[in-house]
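These notes are about the structure you will find just below.
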Ligand code: DX5
Ligand code: ZN
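Numbering (the working numbering), first residue to last: 125 to 349.
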């Protein structure tokens with residue numbers, strides 16, 4: 125299983141986003157995770173398409189745009205035009221999930237769906253074949269630096285089993301509280317895409333922080349973590 129590391133810019137210094145991106149690029153990050161919040165779906169506000177567009181030309185890393193917003197279908201095109209490569213919507217925010225996913229496909233981007241901690245896997249089982257990313261939230265979305273919710277592990281394991289049984293090629297992601305302590309368990313459960321904010325941007329040496337997360341994943345998979 126190929127482990128992918130997706131630094132979450134939520135914990136980066138927004139005053140020097142370009143440098144913050146270059147550092148994780150140097151550290152071998154696989155993609156960049158943008159947390160978009162609207163103050164309604166979650167009680168916090170972050171960036172919109174105009175900021176993402178400004179950084180698009182400054183890096184070759186793919187952009188995963190995590191939309192924590194209500195009525196995401198209204199804004200998809202703007203995030204695609206801003207340079208999103210994988211657009212992730214929350215199943216809880218979609219009135220018509222299948223319709224939203226097909227709109228995204230038609231726009232030529234990869235599609236992801238995120239699940240809040242309390243949302244059962246059953247909500248997305250019917251569309252898993254169509255996804256590029258299933259993002260299991262391991263904290264309640266809205267803020268960085270929260271404690272990993274172990275109560276989400278059974279769902280993650282079930283998702284991992286389904287991915288294996290059905291031979292799906294999607295990335296199974298986890299988002300929230302991901303650190304060298306929690307990585308071994310989530311990769312054993314089947315996660316291969318690790319979104320990490322504090323564990324990377326909370327460290328002075330981001331290159332080393334990424335290396336440590338990869339080592340923790342290796343240890344988890346080899347049974348020594
Ligand atoms: C939370 C966001 C996360 C956040 C994770 O709502 O979706 O991407 O940045 O932060 P850490 O890794 O600090 O838990
Ligand atoms: Zn996120």
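In this text, a Cβ means the ideal position worked out from N, Cα and C, and glycines have one as well.
Buried or exposed by the 16-neighbour rule on C-beta atoms within 10 Å, applied to residue i
| i | result |
| --- | --- |
| residue 348 | exposed |
| residue 330 | buried |
| residue 159 | buried |
| residue 246 | exposed |
| residue 190 | buried |
| residue 316 | buried |
| residue 195 | exposed |
Neighbour flag for residue i against chain B, beta carbons, 8 Å
| i | result |
| --- | --- |
| residue 281 | Note that chain B does not occur in the displayed structure, where there is just one protein chain. |
Residue i Cβ short of 7 Å to ligand 2 heavy atom set
| i | result |
| --- | --- |
| residue 157 | yes |
| residue 214 | no |
| residue 319 | yes |
| residue 135 | no |
| residue 209 | no |
Endpoints, alpha helix (DSSP H) assigned at residue i
| i | result |
| --- | --- |
| residue 298 | Not the alpha helix (DSSP H): residue 298 falls in the beta strand (DSSP E), residues 295-299. |
| residue 175 | 173-180 |
| residue 278 | 277-290 |
| residue 224 | 221-230 |
Simplified DSSP state of residue i, which is helix, strand or coil
| i | result |
| --- | --- |
| residue 302 | coil |
| residue 138 | helix |
| residue 258 | strand |
Continuous beta strand (DSSP E) stretch holding residue i: start and end
| i | result |
| --- | --- |
| residue 204 | Segment 200-205 is the alpha helix (DSSP H) holding residue 204; no beta strand (DSSP E) there. |
| residue 236 | 234-239 |
| residue 308 | No beta strand (DSSP E) contains residue 308, which is instead part of the alpha helix (DSSP H) from 307-313. |
| residue 129 | 128-131 |
| residue 320 | 317-320 |
heavy atom of ligand 1 below 7 Å from residue i C-beta
| i | result |
| --- | --- |
| residue 164 | no |
Discussion item. Check whether the stretch 235-253 and the stretch 279-298 touch, using three or more Cβ-Cβ pairs below 8 Å as the test.
Written reply: Segment contact: the stretch 235-253 against the stretch 279-298, three or more CB-CB distances shorter than 8 Å; contact assigned.
Worksheet entry | the stretch 219-228 contacting the stretch 179-187, beta-carbon criterion three pairs below 8 Å | No, the stretch 219-228 is not in contact with the stretch 179-187.
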